[in-house]
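Right, one structure below, let's go through it.
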Amino acid sequence: MSRGFTLIEVILSLALISMVLMIAFYFSSYSYDYYTRMINDLDIQQNVRYAMHKIVSEVKKVNDRGKIVIENGGRKINIMESNFTAPLDIYYIPETKTIYMYSSAQNDLAYGIDDFNARLEGDLLTISIKVKKKVLSASVKLMYNSGD
1 MSRGFTLIEV ILSLALISMV LMIAFYFSSY SYDYYTRMIN DLDIQQNVRY AMHKIVSEVK
61 KVNDRGKIVI ENGGRKINIM ESNFTAPLDI YYIPETKTIY MYSSAQNDLA YGIDDFNARL
121 EGDLLTISIK VKKKVLSASV KLMYNSGD
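Structure representation (structure tokens):
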């Protein structure tokens with residue numbers, strides 16, 4: 001005699017399938033969140049490296065007729081050239097967590113920044129950018145008299 005499934009067997013098998021699907025959904029959801037966080041972190045790290053490269057290259061362009069001034073407690077670098085070009089301002093706004101570069105127009109240089117600090121000691125300019133408990137620093141020896 002052929003026997004069918006009882007109601008309890010059907011309910012138990014559906015419950016087991018549901019638990020397996022919930023566990024699979026949890027792991028896929030966790031993996032997607034982790035992937036998204038990693039992509040965002042990599043994007044911010046790339047922006048920080050680009051910003052540091054851009055700042056250092058602009059500082060290195062300054063010759064002996066130009067001048068670098070640190071303002072706002074190290075949150076602003078003012079690069080003044082003597083060839084009658086507009087001064088270049090690189091500054092950090094903590095409220096937006098963004099580093100901006102302004103010459104004739106304002107441009108976002110990097111976002112997601114926790115802290116930015118520039119220090120000029122004699123002819124050594126030290127720049128630090130902090131993102132998520134990691135600090136990227138660069139020091140540039142200036143080849144001119146900075147005129148603190």
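Throughout the sequence shown, residue numbering follows the UniProt record's numbering, covering 1 to 148 in sequence.
Think of the CB as a built atom: it goes at the ideal place given N, C-alpha and C, for glycine as much as any other residue.
Just so you know, these numbers come straight off a predicted model, no measurement behind them.
Under the three-state reduction of DSSP output, Phe116 falls in the strand class. Scanning the stretch 3-80 from its first residue to its last, the whole alpha helix (DSSP H) runs of 4-plus residues come out as 7-60.
Collapsing the DSSP output to three states places Met101 in a strand. Exclusion of the five residues before and after Ser137 leaves Ser128 as the residues of its chain whose Cβ lies within less than 6 Å of its Cβ.
In the DSSP assignment, Leu136 falls within the beta strand (DSSP E) that extends over 134-141. A distance below 9 Å separates the beta carbons of Val131 and Ile113.
With fewer than 16 other Cβ atoms inside 10 Å of its own Cβ, Tyr34 counts as exposed. Residue pairing by DSSP puts Ala110 in a beta bridge opposite Ile99.
CA-to-CA, the gap between Gly66 and Ile77 works out to about 13 Å.
By the C-beta density criterion, Asn63 is exposed, having fewer than 16 other C-beta atoms within 10 angstroms.
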